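Student:
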Amino acid sequence: MKQILHNKYILLLIISLTWGSSFILIKKTLPVFDPYQIGAFRAGLSGVFLAFIGFSAMRKMTKKDIFWIALSGFFGNFLVVFIFPFAQLEVSSSLAGIINALDPIFTLILGVFLFGIRSKSIQYFGAVIGFIGALILIYSSGTESGESHYFYILLLVIGSALYAVSALIVEKKLKHIKTTELTSSIYTIWMIPSLIILGFSGFFTKIDYSQSATMEALGSLVFLTVVSTTLVMFLFFKLVQDTSAVFVSTVSLLIPVIAVFWGILDDEKFTFWYALGGTLVLIGVYFIRDKKTKKPLVETK
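The sequence shown begins at 11 in this note's numbering and counts up by one.
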């Protein structure tokens, strides 16, 4: 086990496989659970697991820090766990994984407009290429599935932008807080609202848990929450501490590849335009990676 934890390539593979599999797991839960139940379960149970760290950490923080932590969590760890299941009601898991790769591009662009963060010309070039890829994905998806399908694609784009806003708040307002304490505090703060939503969603009263299909979906949801959101987060933080910013940013390039792989195995439609748009997005992300930047915060998937 120690050998695994000290091998950066094994850690990178575990993290990429787990977070890249999140989209297919969401798909497998949707036939049984609605987006409110999926999102509330993930955020609420993660808060339960991390509260013992979160409450202890927040006792040492100022009210200002807690405000920014709550705001960052609202955008990047609360809203998005509802947005992605809603979008995947009509969008394939592989396409959701590709569009999720827009996170670094939105971080660059919104960093300029919200906080005046200046970047290199090659990074802006990457952002342009990435957005061209996103437009191809949006257009091709809409023309294939009907005009109403655009709404769900735009939900995924908004979700990626919210991840970026959250990361920028952390970068500009919360650098002085340890990453484990930060993330644990975020889930602790949003635990109560999530559990309230879960209680009113019918999760405990309207679902027949005697059915095998229900238990399979519940297993996917538990894995998505316990492993993808909670346990792998700590592996990611270890990778951040032990390697470089460029190496860690490879995760954002591998996640959509894993998502597409699972989608193809599940007989999802994958067109030429998806491949072209996704490739342009990944090329854009590659150019945006800056070898001199500090180690990035990647949101949990």
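For every residue, glycine included, the Cβ atom is placed at its ideal position computed from N, Cα and C. The structure presented is a predicted model; accordingly, all values stated were derived computationally and were not measured.
Looking at the secondary structure, which residues open and close the alpha helix (DSSP H) in which I202 lies?
Tutor: As a first step, residue 202 is located in the sequence shown; it is residue number 192 there, counting from the start. Per DSSP, I202 belongs to the alpha helix (DSSP H) from 201-210.
Student: Note down, one range per segment and in chain order, each alpha helix (DSSP H) of at least 4 residues found wholly within the stretch 65-133.
Tutor: For the stretch 65-133, whole alpha helix (DSSP H) runs of length 4 or above, ordered along the chain, are 73-83, 90-97, 103-110, 113-125.
Student: With C-beta atoms as the reference, is S170 less than 8 Å away from I109?
Tutor: Here residue 170 refers to the residue found at position 160 when the sequence shown is read from its first residue. Here residue 109 refers to the residue found at position 99 when the sequence shown is read from its first residue. Closer than 8 Å, so yes.
Student: Terminal residues of the continuous alpha helix (DSSP H) containing V236?
Tutor: Against the sequence shown, residue 236 aligns to sequence position 226. Segment: none, V236 is in no alpha helix (DSSP H) and carries neither H nor E.
Student: Can you find the residues in the same chain that come closer than 7 Å, C-beta to C-beta, to V91, ignoring five residues on each side of it along the sequence?
Tutor: Numbered from its first residue, the sequence shown carries residue 91 at position 81. If we look at V91 and ignore the five residues flanking it on each side, its Cβ neighbours are G49, R52, A53.
Student: Report yes if the CB atom of G140 is closer than 8 Å to the CB atom of V291, and no otherwise.
Tutor: Here residue 140 refers to the residue found at position 130 of the sequence shown. Here residue 291 refers to the residue found at position 281 of the sequence shown. A contact, by the Cβ cut-off of 8 Å.
Student: Please confirm if the stretch 208-227 is in contact with the stretch 94-104, defined as three or more CB-CB distances below 8 Å between the two stretches.
Tutor: Output reads no: the stretch 94-104 does not touch the stretch 208-227.
Student: Under the rule that 16 or more other beta-carbon atoms within 10 Å means buried, what is K216, buried or exposed?
Tutor: Numbered from its first residue, the sequence shown carries residue 216 at position 206. It is exposed - the Cβ of K216 has fewer than 16 other Cβ atoms within 10 Å.
Student: Cutting at 7 Å between CB atoms, please list the residues of its own chain near G294, excluding the five before and the five after it.
Tutor: Here residue 294 refers to the residue found at position 284 of the sequence shown. Excluding residues within five positions, the ones whose Cβ falls inside 7 Å are I115, G136, A137, I139, G140, G143.
Student: Go through its chain and collect everything with a Cβ distance to Y219's Cβ below 8 Å, but skip five positions before and after it.
Tutor: In the sequence shown, residue 219 corresponds to position 209, counting from 1. Excluding sequence neighbours, Y219 sits near M225, L228.
Student: DSSP three-state call for L192: helix, strand or coil?
Tutor: Counting from one through the sequence shown, the residue named residue 192 turns up at place 182. L192: helix per DSSP, three-state reduction.
Student: Just the C-alpha distance for I274 and D75, rounded to the nearest angstrom, thanks.
Tutor: Taking the sequence shown and counting its residues from 1, the one referred to as residue 274 is at position 264. Taking the sequence shown and counting its residues from 1, the one referred to as residue 75 is at position 65. C-alpha separation (whole angstroms): 43 Å.
Student: Taking just the CA atoms, how far does S150 sit from L164?
Tutor: Position 154 of the sequence shown holds residue 164. Position 140 of the sequence shown holds residue 150. Distance between the alpha carbons of L164 and S150: 13 Å.
Student: Is it the case that the stretch 80-97 contacts the stretch 167-181, given that we only count it when at least three CB pairs across the two stretches are under 8 Å?
Tutor: Short answer: they touch.
Student: Could you check the C-alpha separation between L23 and T39 for me, to the nearest Å?
Tutor: Working through the sequence shown from its first residue, we reach residue 23 at position 13. Working through the sequence shown from its first residue, we reach residue 39 at position 29. The alpha-carbon atoms of L23 and T39 are separated by roughly 24 Å.
Student: Sorted by chain position, which residues of the same chain lie with C-beta nearer than 7 Å to S194's C-beta, five sequence neighbours on each side aside?
Tutor: Taking the first residue of the sequence shown as position 1, residue 194 is located at position 184. Answer for S194: L60, I63, G64, A67, listed in chain order.
Student: Identify the continuous alpha helix (DSSP H) that holds L40 and give its terminal residues.
Tutor: Here residue 40 is taken as the residue at index 30 of the sequence shown, counted from 1. Unbroken run through L40: none, as it is neither H nor E.
Student: Work out the CA separation of D276 and I36 for me, nearest whole Å.
Tutor: Within the sequence shown, the letter at position 26 stands for residue 36. Within the sequence shown, the letter at position 266 stands for residue 276. Taking the straight line joining both Cα atoms gives about 13 Å.
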